[in-house]
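S.K.:
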Amino acid sequence: MRPEAERICTRCGAKLPGSFRFCGHCGQPADAAPPRRPSTPSSPRMPSGPGPVPASAPVAPPRLVLVRHDGLPGASHYLDREVTICGRRDGDLLLPEDGSVSPRHAAITVREGRIRIEDLGSTSGTFLRLRTPRSLTFGDEIRLGRQLLRLEPMPRPSVTAAAGAPWGSTDPGYRARLVQLLEGGGTGEVLPLRSGANSIGRESGEVSFPGDRYVSGRHARVDVGEAAVTLTDLGSSNGTFLRVNGPTEIGPGDQVLLGMQLLRVEP
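Residues in the sequence shown are numbered from 26 upward in steps of one, following my numbering.
Next up, the structure:
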């Protein structure tokens with residue numbers, strides 16, 4: 026049943042039921058009072074159809090930030106195009122003061138939210154800092170401190186020597202080796218690796234570089250197994266780097282080494 030309409034007395038303001046002909050307070054004829062409709066709770070007004078969706082803020086492109094020698098961030102470069110060329114003389118990101126950076130050194134591609142880096146045949150190579158253990162293949166190049174090392178298979182000793190001779194065929198257990206690559210070409214020391222764990226450091230380990238202050242005391246470890254060789258950084262101060270071969274995916278937090286320039290990917 027619908028509620029009865031009320032009136033308001035125009036003289037005294039009293040509420041009058043709709044059936045009253047006169048105000049019960051002051052006697053004013055009720056016909057002089059305009060009808061007052063009963064109030065009903067209001068409902069929120071809903072849009073009649075799908076409205077415009079608020080535009081989301083544009084997402085900033087990733088960037089490369091130069092890491093200075095003191096560890097602080099330096100200049101940054103936004104990767105705001107599909108392909109960014111890095112080099113000493115040509116390209117979009119220039120590193121003109123580093124003679125170890127090639128004129129056209131590396132290319133960084135951003136496509137469908139994925140970032141890849143590729144060396145362009147540079148002289149000194151493009152290296153990616155290890156964040157997790159990585160499997161190696163023979164021919165891979167490792168940079169730690171000032172050392173550039175190449176992993177090679179270890180030739181097995183000849184079995185033709187006479188048994189019992191001091192230069193005989195005893196197998197010392199070496200399965201791989203690291204060959205030191207010198208600046209300007211050529212090779213230096215040959216560092217054999219036994220099966221199992223081989224530590225690399227400045228102060229101790231199966232492979233040590235006591236004269237390189239950029240190598241940590243316990244820097245990295247090479248695990249030589251029957252089916253795989255694995256490289257692990259041991260929390261070194263300056264990092265362990267692996268040379269990229271072909272397009273290599275990178276992401277936020279990764280660090281790449283071009284010549285002597287260290288660059289960090291940031292979102």
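Cβ atoms here follow ideal geometry from the backbone N, Cα and C, with glycine treated the same way.
If you run the structure through DSSP and keep just helix, strand and coil, what is T35?
M.R.: coil
S.K.: Which residues in the same chain have their Cβ closer than 8 Å to the Cβ of Q205, if we skip the five residues on either side of it in sequence?
M.R.: Q172, L173, L174, T212, G213, E214, V215 and L216
S.K.: Beta strand (DSSP E) containing C48: first to last residue?
M.R.: Neither: C48 is in no beta strand (DSSP E) and is coded neither H nor E.
S.K.: Let me confirm a value: F234 is counted as buried when at least 16 other C-beta atoms fall within 10 Å, else exposed. Which label applies?
M.R.: buried
S.K.: DSSP has Y103 in a bridge; who is on the other side?
M.R.: In DSSP, Y103 forms a bridge with R88.
S.K.: Report the three-state DSSP secondary structure of F234 (helix, strand or coil).
M.R.: It is coil, neither helix nor strand.
S.K.: Between which two residues does the beta strand (DSSP E) carrying D248 extend?
M.R.: A245 to V249
S.K.: Please classify D115 as buried or exposed, where buried requires at least 16 other C-beta atoms within 10 Å of its C-beta.
M.R.: exposed
S.K.: Go through the region 121-195 residue by residue and report every complete run of the beta strand (DSSP E) that reaches 3 residues or more, in order.
M.R.: 131-136, 139-144, 151-154, 159-161, 166-169 and 172-178
S.K.: D95: which of N263, R129, T273 and H130 sits nearest, CA to CA?
M.R.: N263
S.K.: When DSSP labels each residue in this structure, what does S68 get in the three-state scheme?
M.R.: With a pLDDT of only 46 at S68, under the threshold of 50, the placement of this residue in the model should not be trusted; the figure read from the coordinates follows. Residue state, collapsed to three classes: coil.
S.K.: From T162 to V269, what distance separates their C-alpha atoms?
M.R.: 12 Å
S.K.: Give the C-beta separation of P272 and E143 to the nearest angstrom, bearing in mind that I take them to be a contact with Cβ-Cβ under 8 Å.
M.R.: 5 Å
S.K.: Report back the beta-carbon spacing between G226 and R243 to the nearest angstrom; my notes put them in contact at under 8 Å.
M.R.: 5 Å
S.K.: Specify, as a first and last residue, the run of the beta strand (DSSP E) that A222 falls within.
M.R.: G221 to G226
S.K.: Just to confirm my understanding: we take D123, look at its own chain, exclude 5 residues before and 5 after, and list those with CB closer than 7 Å. What are they?
M.R.: R113, G284, M285 and Q286
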